[in-house]
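Contents: one structure, followed by commentary.
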Amino acid sequence: MNYRHAFHAGNHADVLKHAVLLFCLDALKRKSAPFAVLDTHAGRGFYDLLGDEALRSPEWQGGVARVWDWPEAPALIQRYVEAVQRFNEDGALRTYPGSPVLVTQALRPDDVLMACELHAEDHDKLRRALPRVGNVQVHHRDGWQALTALLPSPQKRGLVLIDPPYEAPDELETAARAFGAALKRFGHGMYLWWRPLKSESALAAADAEARAQGARQLLRADLWVDTVRLEGRLNGSSVLLINPPFGLRQTLEAALPALAARLSQGAHGWRVQE
Ligand SMILES: C[S@@+](CC[C@H](N)C(=O)[O-])C[C@H]1O[C@@H](n2cnc3c(N)ncnc32)[C@H](O)[C@@H]1O
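Residue 85 in the numbering used here is what sits at position 85 of the sequence shown, and the numbering runs on without skipping anything.
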């Protein structure tokens with residue numbers, strides 16, 4: 001387990017993932033019934049954008065920094081920037097909130113977060129980052145096992161965020177196959193699965209596998225900021241939603257053209273498909 005999200009926090013891929021995550025959370029909150037969020041690969045919670053890792057790899061400057069001061073940002077991105085601003089109240093961008101922090105910020109008293117992080121140091125940081133309240137659970141456990149061990153949640157509705165590091169060469173396949181067991185337990189849940197955009201054929205195979213495992217209503221959004229390539233710097237990312245919230249497709253179609261241009265480092269683009 002060498003991957004450390006601190007080198008990547010706030011990059012273009014986090015902008016897409018976290019903006020969509022917030023849209024999903026807002027959609028869940030349109031109903032009064034409580035929901036649960038399972039974050040299978042949660043990370044450490046907070047990231048210091050002026051800390052050692054971020055200074056060595058300032059990817060956030062091509063991500064969150066580019067949308068931070070964007071008066072005419074599309075609604076999806078305005079909402080995201082507002083969420084990040086809450087952790088940078090003096091107006092200077094320094095602290096980046098990871099997925100479990102964004103979820104915790106959105107929870108109502110009866111909603112629940114189950115956050116899993118396997119790396120001991122990051123788990124410890126996450127435990128200290130999140131509030132010690134009954135509806136926020138931090139697990140030092142394998143996120144893939146959590147898909148069966150922690151689902152279904154007693155809340156019966158909610159969201160599963162799957163955001164692995166893709167260190168193992170077969171992690172796309174592992175994730176796609178994991179939907180079989182997860183969907184049997186929590187078939188009507190919303191799923192948000194983040195993937196690196198490197199090989200279209202690998203992603204197409206992963207999507208096909210997710211379908212074969214029982215995923216039905218799918219929405220995929222891709223965003224790239226430069227020419228997509230197999231090796232080297234990550235230039236694009238893809239989110240696949242199962243049981244996406246109402247209105248997400250239109251919101252993405254309204255936001256991604258301007259977002260891709262704003263984050264561009266070269267041959268940028270976007271795609272939304274079902
Ligand atoms: C991409 S990062 C997560 C970022 C986080 N979801 C966010 O958006 O802020 C992936 C994390 O998964 C952790 N990890 C790796 N393998 C894991 C596993 N099998 N189960 C749970 N966590 C794992 C890594 O230590 C790393 O912190």
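Glycine included, every Cβ here is placed at the ideal spot set by N, Cα and C.
For the pair A215 and D90, the Cα-to-Cα distance works out to about 43 angstroms.
In the DSSP assignment, P196 is bridged to S237. Between ligand 1 and the CB of P165, the shortest heavy atom gap is smaller than 6 angstroms.
The count of Cβ pairs closer than 8 angstroms, one atom from the segment 237-246 and one from the segment 190-201, reaches three, so the stretches are in contact. By the beta-carbon neighbour count (other beta carbons within 10 angstroms, threshold 16), N2 is exposed. In the displayed model, R4 falls within coil according to three-state DSSP, outside both helix and strand.
Within the chosen limit of 6 angstroms, ligand 1 reaches the beta carbon of C116 through at least one heavy atom.
A heavy atom of ligand 1 is found nearer than 6 angstroms to the CB of S99.
Sixteen is the threshold: since fewer than 16 other Cβ atoms of the shown chains lie within 10 Å of the Cβ of G134, the residue is exposed. The three-state reading of DSSP puts W270 in strand, counting E and B together. Here the distance from the Cβ of G189 to the nearest heavy atom of ligand 1 is not below 6 angstroms.
By the neighbour-count criterion, in which 16 or more other beta carbons inside 10 Å mark a residue as buried, P97 falls on the buried side. Remark: C-beta atoms of V160 and L21 do not approach each other more closely than 7 angstroms.
Counting only unbroken stretches of 3 or more residues, the beta strand (DSSP E) elements lying wholly within the segment 35-63 are 36-39 and 46-48, in sequence order.
Annotation for Q85: the continuous alpha helix (DSSP H) segment containing it runs A75 to Q85. Boundaries cannot be given for R132, as no beta strand (DSSP E) includes it and DSSP labels it neither H nor E.
In the structure shown, L263 adopts helical secondary structure according to DSSP, grouped into three states. Between the C-alpha atoms of P196 and N11 there is a straight-line separation of about 12 angstroms.
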